[in-house]
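Taken in sequence, the protein lines are chains A and B.
The numbering of the first sequence is this note's numbering, which starts it at 771 and goes up by one.
The numbering of the second sequence is this note's numbering, which starts it at 20 and goes up by one.
Single-structure report; data block below.
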Amino acid sequence: MPSSPPSHPVRPRVGLFVTCLVDLLRPSIGFAAATLIEQSGCNVEVPTGQTCCGQPAYNSGDRATAKALARQTIKAFSAVDYVVAPSGSCAGMLKSHYPRLFAGEGEDEAAALAFAGKVHELVSFLVDVRGMASVESSFAGRVTYHDSCSGLRELGIKDQPRKLLGTMPGVEIAEMAEAEICCGFGGTFSIKYPDISRAMVDKKCASIAESGASLVLAGDLGCLMNMAGRLARDGSPVRCRHIAEVLAGELDDPPITASATSGASVTR
Amino acid sequence: MIPQTPEFKANARAALADPQLQRALSGLPTGLVAQRTSAKARLPEFEALRDVGRDVRNHALAHLDLYLETYEHNATAAGAVVHWAETGAEARDIISRICTEAGARIVTKGKSMISEEIGLNADLERQGFEVVETDLGEYLIQIRGETPSHIIAPAIHLTQDQVEADFRALHTHLPADRTLVEPAELVAEARGVLRQKFLSADVGITGANFLIAETGSSIIVTNEGNGDLTQSLARIHIVIASIDKVIPTLEDVTTLLRLLARSATGQEFTTYTTFSTGPRRPEDPDGPEEYHVVLLDNGRSELLGSEFSEVLRCIRCGACMNHCPVYNAVGGHAYGWVYPGPIGSVMTPALIGVKAGGHLPNASTFCGRCESVCPMKIPLPKLMRHWREAEFEQGLTPPRYRRGIALWAWFAKRPRLYHLAARFGIAALSAAGRGKGRFSWLPFASAWTRDRDLPAPQGRTFQQLWAETQRGVPR
């Protein structure tokens, strides 16, 4: 339901679901997300009772752990109006899979469904819920956007990021071929089946190179780590960032896998 | 067929290193995938039709007993002999008995995945029958001693050069200096060879895309017409079909056929769609003297009503594998048993057990592209996850992996401790990666760093930094 921020009498309380990867590896995405949520007319809170959405357990067949983490997450965000995650994968877990996890389980299911109603992926929250039509920051460059699988297929995130990027005067969007095909990350898949994962990310990197973009954007740090890690290993000059960093204009931190001093540093 | 599924990883590695296979697979996106996309675009109601198709199948499966009995009644009334087989062995025995009693020598076959599932060819050959696959793709893999690598395009793993070489090696009765450059020349040669077999066959075996309860008919769809020759030229026609294939009415089947060809090959309709109802009647110009239908369960009735029941909606179009990035990378043989791709990753553990087939439901990124194209809207990732749950509950998850999950879960369930541990862990990792931006190798992360760099953490955890900004400490 789009609501216009200025006319809202009280600023809604948004609980930021940081995601474990952002928390550990790239806090700059979390801060960029917080900036954008505030720009959309909301107040941001970061409950400390959150850790991980439980997806690694859920997708490994460990339902008991997944349920425990789901209950923990639902409880941690009980006070806020919205739960927003800078990840289609984690938001999909919170929004689509928590209710499935507790299907037919009375109170737990009701709680999961009520919680799911509050959950949104960051860019979809900005555009679809808050009606954000443009961003305040600027960026100049040729970028390409990778559609992360869960965001795309579970949450319908496709046009929203392109819409906001399109309002930034210096941004040129160079679509890659097969932007909707998986990069080969798949969470634990990437370490359980490294050969197949590598073949998949190689195809993705080839599409990225063909697009002519110098920066890859996506809404999920997992996919970005995979693509950036492979591009770096190949010695590609193409860089990767989470879309929130560009939309918020918070680009002080070097791109993913690039060093603070020089983008070309190699540690091998 | 002895399952090679436990060797999935090694099979996949070999497939990735096979340039010929990779060349054959590279045609998928511009071939079957692009054709489906275009067919879908030409039919505005395609998405709505998927819902109708799903409902037709759900209804048929919910009342399977009723429709099977109706089918048997109507098929029998039309002169069919209906046989029931609980297992693959029973089905093989029924079929070989019919062949033996007929005094058969040559058995022609239309494409049938069920016959692959029950290892029919090998069994018939052991008993001395000459079995000839008549679908071009099936013929190719039969002469190579291979199994199908795709459920509708069994020889999709082959390139044209390989086919030419095989034909020259096998068809030695033809002039050695003949040209075999154009696909049409290869097809014509196969047609010439197969024509003789059709004419001399005693028994023709086909599968069935659907069985229609209301009319007692079986249906096959083909693009080569080989199915028609198989079933109408031989004296005896045997249909082998699994019990989930029965559909209430002709009208329902029409809906499914509209979805099937578009999803499979991007055609509006297959070239041949053949309905068989009983044997030849006195006034018919042709047709078999005997018409048998073998209805096979082989585990389907156990899936019915289980958490896997939705997989029974499958109409075997192959769209899930065409669109699967894992299938596109490794091809069908790497999966190690009859059904490859996402549908195979759900069916295989059901048919050979999760212990042998456990790799398959794990070898998915859950990207969801299969579910998004499935004409029957089968939630394939969800069903693969159910197999992972079964594996976990039965203690079949690899111990190292299980311990890793348990350790991580112990911390993740204790937020205070988790945040503290994260703080120290990240501080240490950041110190190790200071100024580098990334790691090219890390202990305990070698499965990742073998092929990709790992981004170095930015320094401190978000939770830590956020807490500081809330206290007024500048970032």
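Beta carbons: idealized from backbone N, C-alpha and C, even for Gly.
Below-8 Å beta-carbon distance, residue i vs any chain B residue
i         : result
Thr835/A  : yes
Val986/A  : no
Tyr963/A  : yes
Thr1037/A : Because Thr1037/A sits at a pLDDT of 31, beneath the cut-off of 50, its placement in the model cannot be relied upon, and the point is left open.
Asn813/A  : no
Gly926/A  : no
Pro856/A  : no
Arg1011/A : no
Outcome for residue i when other beta-carbon atoms lying within 10 angstroms are tallied against a minimum of 16
i         : result
Ala1034/A : The predicted model places Ala1034/A with a pLDDT of 38, which falls under 50 and marks its position as unreliable, so this point remains unresolved.
Gln482/B  : buried
Ser236/B  : buried
Leu275/B  : buried
Gly324/B  : exposed
Gln489/B  : exposed
Ser1029/A : buried
Arg300/B  : exposed
Glu906/A  : exposed
Arg419/B  : exposed
Val780/A  : exposed
Ser920/A  : buried
Lys374/B  : exposed
Nearest-angstrom Cβ-Cβ length linking residue i and residue j, presumed shorter than 8 Å
i         : j        : result
Ala1056/A : Asp972/A : The first residue shown for chain A is 771 and the last is 1038, placing residue 1056/A beyond what the model contains.
Met970/A  : Cys953/A : 6 Å
Leu991/A  : Val792/A : 6 Å
Pro400/B  : Glu412/B : Not quite, the Cβ-Cβ distance comes to about 19 Å (not below 8 Å), so this is no contact.
Ser134/B  : His352/B : That pair is no contact at about 18 Å.
Leu252/B  : Phe217/B : 5 Å
Ile117/B  : Ile257/B : 6 Å
Asp221/B  : Ile255/B : 7 Å
Contact check, residue i vs residue j, beta carbons under 8 Å
i         : j        : result
Asn813/A  : Gly957/A : no
Ile239/B  : Gly226/B : yes
Gly337/B  : Ala283/B : yes
Leu322/B  : Ala369/B : yes
Gln477/B  : Arg796/A : yes
Gly285/B  : Ser57/B  : yes
Val175/B  : Ala43/B  : According to the sequence displayed, residue 175/B carries Ile and not Val. Yes. Within cutoff.
Thr241/B  : Phe959/A : no
Gly246/B  : Thr293/B : yes
Ser115/B  : Leu143/B : yes
Gly363/B  : Trp356/B : yes
Gly1005/A : Arg471/B : no
Arg442/B  : Arg281/B : no
Thr166/B  : Thr234/B : no
Leu786/A  : Ala802/A : no
Within-8 Å CB hit, residue i to chain A
i        : result
Ser391/B : yes
Asp472/B : yes
Gly387/B : yes
Ile117/B : no
Phe411/B : yes
Inter-residue spacing [alpha-carbon to alpha-carbon] between residue i and residue j
i         : j         : result
Thr843/A  : Thr818/A  : 10 Å
Asn347/B  : Leu278/B  : 22 Å
Gln39/B   : Gly377/B  : 28 Å
Phe895/A  : Val854/A  : 7 Å
Pro22/B   : Glu487/B  : 57 Å
Trp103/B  : Phe430/B  : 54 Å
Gly129/B  : Thr468/B  : 48 Å
Ala903/A  : Pro931/A  : 11 Å
Ser219/B  : Ser967/A  : 50 Å
Cys790/A  : Leu473/B  : 16 Å
Glu204/B  : Thr198/B  : 8 Å
Gly982/A  : Thr367/B  : 42 Å
Arg783/A  : Gly887/A  : 15 Å
Pro298/B  : Ile259/B  : 15 Å
Ala979/A  : Gly926/A  : 26 Å
Thr1037/A : Arg1003/A : Unreliable positioning characterises Thr1037/A in this predicted model, as indicated by a pLDDT of 31, which lies under 50. A coordinate reading is not provided.
Phe909/A  : Leu935/A  : 9 Å
Gly831/A  : Val1008/A : 36 Å
Pro48/B   : Ala172/B  : 14 Å
Thr1027/A : Gly444/B  : 19 Å
Thr480/B  : Gly138/B  : 57 Å
Asp898/A  : Val52/B   : 31 Å
Near-chain C residues of the segment 438 to 449 of chain B (beta-carbon distance less than 9 Å), N- to C-terminal order: Here the protein chains are A and B, and chain C is not one of them.
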